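Reviewing the structure listed below.
Numbering (my numbering), first residue to last: 4 to 123.
Printed below as a string of structure tokens:
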């Protein structure tokens, strides 16, 4: 993905992407609570902090810049998202966005929460 496309993606608001994550999960009989759990695990946000980000309408760059702490186990997230291996993404912000995409994908594919959260 080139820089122009990256910049466009970084400008999307978290609030615009969040409902899509929930729809994707719910189509596969997963819950909003589970989506929130994986996003909070990755970013360190509390439930209230997550809702605050949605309310503020922050873009993805700000969402990740304000994230309390990216989970140290995030580097264990591997695989392909949008045809790209997450572990090979060089841009740090793009990598975090794709980590989030990958966690929601795994949730929608029915993976056990322990495996998604890299605790098993």
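Backbone N, C-alpha and C define an ideal beta-carbon position, used for all residues, glycine too. These numbers come from a predicted model, not from an experiment.
Cβ contact annotation for residue 27 (same chain, cutoff 7 angstroms, sequence separation greater than five): 107, 111, in chain order. Counting along the chain, no alpha helix (DSSP H) covers residue 62, and no H or E run does either.
Boundaries of the alpha helix (DSSP H) harbouring residue 109: 95-111, taken from the DSSP string. For residue 38, same chain residues with a beta-carbon under 7 angstroms away, outside a window of 5 residues either side, are 24, 25, 28, 107, 110 in chain order. Assignment of beta-bridge partners to residue 16 by DSSP yields 62. The Cβ atoms of residue 63 and residue 16 lie closer than 9 angstroms to each other. Look at residue 88 here: in three-state DSSP terms it is strand. For residue 19, the closest alpha carbon among the candidates 57, 117, 88 is that of 57.
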